Ligand code: ASP
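Numbering (mature numbering (1 follows the signal peptide of the UniProt record, and there is no 0)), first residue to last: -18 to -1, 1 to 943.
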């Protein structure tokens, strides 16, 4: 009795010790298969399984990297057999080519379950009755057949690079025949292996077919996602017109990236998607793969390929199969794990063929004992996304192919109306076909025509010149030209028209925001104005001068900016500068004029002194009587005259001869040259430009004064800018504006601009430069922009989150920008319609007018008058001298003398006849002229005129000596 008990005890101890053991599974990867990704996906899924304590068993996973030639079936078989001797319970590989025979041979002969993460190349009729294989990648034949029927194509070109294309085409035929009476022709074309040849291949292909107008429907069946990427890149860059082409990417690797790039082009393309990319499991796998070392050196695909998802799901399939097997009999494997080895039918390892085993000489040759049970479980599993699958529902049919799976079909068809392809998203289900009325909402770039049933787009806007204005004459009129959208004009209205030309089915209706409000967040979190309309569904799109800012971007979507601007200052134009009659003095400041006068006097004195001290300025002249006279030309009077003449750029008949005098004069000449040329240079600018002195020239000027009040429009981005600014000066301005009574805030720009115009320069308005510049070009042309912009912002078209118009508007705006349409609009509304001259206000001011130069006329007149007064004085003075010479100091004599002088002045001269008194007097004077002047006795006019009167001079005699 004791023995059986002990035996039982021993057995149970043994079993407890051995189970739960790790179930060994073996994977195989092929060279050139970019197998690191596959191995990483495997590791990730197995580790995730093993780390989950809830799982009743763990996997022992090994991978063998088949470094062998792709046709070495024998070598591969041998390697698998070697591994089997160490023991594993399931084989996982992704083989669709020649080596598939090796895997399948072993699976069938030894009844080893085989999970192929790819698609088995066998046709259903070829599948052996044992049927040990399941394929995780679903077959595409039925889907392709349905697509061809749906599109009613009767000729397709099947481009492939794998082995089993012929079988696939055959299957497609079978399905088409089963489902419709469509007759379809197919042509098989092999794609070259080398990626660098793909471009030439496509070109040659097109060259051979371009004569036929038949549309070319090409099904692309390439083996890996990497190859697919290369092929799609070749299609995108192909330099020929692919208008007649429609490509179908027949595996499941049509990624969101591909959709994005093809949607923006005009290539017709259809792709299939199976992956649930938004699942956390997918993100975790992606992260894991990307964190691997090999990934850094790989040329990145935008997304991980679907193959890795199939590998992931293959592990889940294996797990489900073992769970199912154990569920039926949880002690099934108890005998199989001993001493860390896998035992099959009581012997360690599994042998492919009878072999001499030294340890177990009696080892019979046999298949894997649980193989059939596991395969049976494999065929009955049912997994879906709740079980963590990435490729949807997993079930296998009789021959081990996926069934009841769903595929998203993305159909991008070129569209002449739109800048990008029309996108149709359809759901297809295995053995059901296309499911009507099912579109997927996760994709943002939906096709408007299909999703929206021709609704009128509600466009909200605000009235701001020149963006949106009521047409002239439509303010009160209700005529037909002033109905609906026709009532408005402006930049935004033109922009809307351009958008609707570029976007299919974009019919719109414009309405104005109540209170002309842009929109700010209210204390309770709601929004008013335009943003409020978008949030409460009152508007579908906002096209206005709506500034993109952070707060708004949090609640609505903005397109790319269609215009950039910034907050700027508007003031009333200062009155034109008053020109005094002495404006010609302005080129030099009063200070300089003063210095010039001092310099003039100073230089004259210096020249006087140096001429006095320099012996070279003294002239010695011999007189007739033998004496000498010493004279110097540079008297004080002459010095002043000489210096003045030089300053006026004139010459005199006296010039210094001494070195000292010449140095002083040269210095003065140089000085005058520079001063005069500087004066001349400035003079033109001063006299012709109407300079306006703005009272403030920057925001700093504005902030530091209180004389000019300033304000902004409330309830918009400008007020938000000041309110939340961290810049001290803006904070100060905000506090100032808030504290003002009456308020300096306005409800519209128009109100602010009006205030600037009416407040005689006592109110400045801060508004966006676009509106500022426009107002400055409008009559009465009395406003101006000063200083630089305070910030830089953009205007965007806003849509509610998830709006179907967003992408279309975005693309259309970019296209308009690239083609210069937006610039044209800007010119039309800002510059072409300007009513004011910029800078110089009227053409006449470019030429001099009298008011600016009257001063010089006054000076001229003054000079003339003073010269005449001086002449009179000289005249009187001389007459008085003459009268004194007559030594009779009475009035009669003075009158005579005056009379004589006057006569001489009027007559202009007289002739002294020989023998006359005048002649005698002149003779005397001539004789005495040989004497020094002071000894001579000049002839008096009295003597002269008295004699001419009596003698009657026949001719003229010039008395000027
Ligand atoms: N364009 C601005 C806005 O969107 C108006 C402003 O506040 O100056 O609110």
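All C-beta atoms, glycine included, are put in the ideal place defined by N, C-alpha and C. From a predicted model like this one, the values you see are computed outputs, not experimental measurements.
1. So who's on the other strand from residue 776, going by DSSP bridges?
2. Return the chain-ordered list of same chain residues with a C-beta closer than 8 Å to the C-beta of residue 441, the five sequence neighbours on each side being excluded.
3. Per DSSP, which one or two residues make a beta bridge with residue 72?
4. Does ligand 1 have even one heavy atom less than 8 Å from the beta-carbon of residue 501?
5. Here's a check: name, in chain order, each residue in its chain whose Cβ is nearer than 8 Å to the Cβ of residue 600, leaving out the five neighbours to either side.
6. How long is the line joining the alpha carbons of residue 771 and residue 753, rounded to whole angstroms?
7. Quick one: what does DSSP say residue 580 is sitting in, helix, strand or coil?
8. Report yes if the CB atom of residue 728 is closer than 9 Å to the CB atom of residue 555, and no otherwise.
9. In the DSSP assignment, the beta strand (DSSP E) including residue 944 goes from what residue to what residue?
10. Do residue 48 and residue 86 have their beta-carbon atoms positioned less than 9 Å apart in this structure?
11. What are the boundary residues of the beta strand (DSSP E) that residue 813 is part of?
12. Given a cut-off of 9 Å on the beta-carbon distance, is the pair residue 365 and residue 299 in contact?
13. Taking the continuous beta strand (DSSP E) assigned at residue 968, which residues delimit it?
14. For residue 392 versus residue 254, is the C-beta distance shorter than 9 Å?
15. Quick check on the DSSP output: the beta strand (DSSP E) that includes residue 519 runs from which residue to which?
16. Which of helix, strand or coil does DSSP assign to residue 916?
17. Since residue 92 contacts residue 249 with CB under 8 Å, what's their CB separation in whole angstroms?
18. Quick one: residues in its chain with C-beta nearer than 7 Å to the C-beta of residue 803, no 5 flanking neighbours on either side, listed in chain order?
19. For residue 788 versus residue 541, is the C-beta distance shorter than 9 Å?
20. Residue 665 to residue 834, Cα distance in whole Å?
21. With distances taken between CB atoms, is the gap from residue 267 to residue 23 smaller than 9 Å?
22. Whose C-beta lies closer than 6 Å to the C-beta of residue 8 among residues of the same chain, with five residues either side of it excluded?
23. Could you check which residue in 386, 251 and 646 has the C-alpha nearest to that of residue 412?
24. Leaving out the 5 sequence neighbours to the left and right, which residues in its chain are closer than 7 Å to residue 55 when beta-carbon positions are compared?
25. Kindly indicate the opening and closing residues of the alpha helix (DSSP H) around residue 301.
26. Measuring straight from C-alpha to C-alpha, what distance separates residue 703 and residue 451?
27. Could you say which of 384, 199 and 217 lies nearest to residue 228 if we only look at CA atoms?
28. When the cut-off is 9 Å and only beta carbons count, does residue 538 lie next to chain B?
29. Note the first and the last residue of the continuous alpha helix (DSSP H) segment covering residue 209.
30. Which residues mark the beginning and the end of the alpha helix (DSSP H) in which residue 185 is found?
31. Write down every uninterrupted run of the alpha helix (DSSP H) in the stretch 473 to 501 whose length is 4 residues or greater and which is fully enclosed by it, in chain order.
32. What span of residues does the alpha helix (DSSP H) with residue 443 cover, start to end?
33. For residue 396, which residues from the same chain have a beta carbon less than 6 Å from its beta carbon, with the 5 sequence-adjacent residues on both sides left out?
34. So what does residue 252 bridge to, in DSSP terms?
35. In chain order, which continuous runs of the beta strand (DSSP E) of length 3 or greater are located wholly inside the stretch 629 to 717?
36. By Cβ distance below 8 Å, which residues in the same chain neighbour residue 916 in space, the five residues on each side in sequence not counted?
In this structure, then:
1. Answer by DSSP bridge pairing, in chain order: 546.
2. Apart from sequence neighbours up to five positions away, the residues of its chain that approach residue 441 with a beta-carbon distance below 8 Å are 478, 490, 491, 492, 493, 521, 522, 523, 524 and 525, ordered along the chain.
3. Bridge partners of residue 72: 7.
4. At a cut-off of 8 Å, the beta-carbon of residue 501 counts as near ligand 1: some heavy atom of the ligand is closer than that.
5. Excluding sequence neighbours, residue 600 sits near 612, 613 and 614.
6. In a straight line, the C-alpha of residue 771 is about 13 Å away from that of residue 753.
7. Reduced to three states, the DSSP call for residue 580 is helix.
8. Residue 728 places its beta carbon 9 Å or farther from that of residue 555.
9. As shown, the chain starts at -18 and ends at 943. That puts residue 944 outside it, with no answer to give.
10. Result no, Cβ atoms of residue 86 and residue 48 do not sit closer than 9 Å.
11. That residue, residue 813, is in no beta strand (DSSP E); it is neither H nor E in DSSP.
12. Taking C-beta atoms as the reference points, residue 365 and residue 299 count as a pair closer than 9 Å.
13. Residue 968 falls outside the range modelled here, since the chain spans only -18 to 943, and no answer is possible.
14. Going by C-beta atoms, residue 392 is nearer than 9 Å to residue 254.
15. Residue 519 -> no beta strand (DSSP E), and no H or E assigned at all.
16. Low confidence applies to residue 916: its pLDDT is 46, below 50, so where it sits in the model is not reliable, and the reading given next is rough at best. Three-state DSSP puts residue 916 in a helix.
17. Contact flag wrong, Cβ pair sits at about 49 Å.
18. Result list for residue 803: 480, in chain order.
19. A contact, by the Cβ cut-off of 9 Å.
20. About 11 Å.
21. Contact: yes.
22. So the qualifying residues of the chain are 44, 65, 70 and 73.
23. That would be 386, whose Cα lies nearest to the Cα of residue 412.
24. 80, 81, 83 and 84.
25. Unbroken alpha helix (DSSP H) run through residue 301: 288 to 310.
26. One C-alpha to the other measures close to 26 Å.
27. Comparing Cα-Cα distances from residue 228 to each of 384, 199 and 217, the minimum goes to 199.
28. Checking the listed chains, one finds no chain B in this structure; it contains a single protein chain.
29. Looking at the DSSP string, the run of the alpha helix (DSSP H) that includes residue 209 is 207 to 219.
30. Membership of residue 185 in the alpha helix (DSSP H) is indicated by the continuous run 180 to 191.
31. The DSSP assignment places complete alpha helix (DSSP H) segments of no fewer than 4 residues inside the stretch 473 to 501 at 473 to 484, in order along the chain.
32. Where residue 443 is concerned, there is no enclosing alpha helix (DSSP H), although the beta strand (DSSP E) it sits in stretches over 439 to 443.
33. Excluding positions up to five away in sequence, the list reads 248, 250 and 403.
34. BP columns for residue 252 point to 230 and 393.
35. Qualifying beta strand (DSSP E) stretches, in chain order: 691 to 694.
36. Bear in mind that a pLDDT of 46 at residue 916, under 50, signals an unreliable position, so the model cannot answer this.
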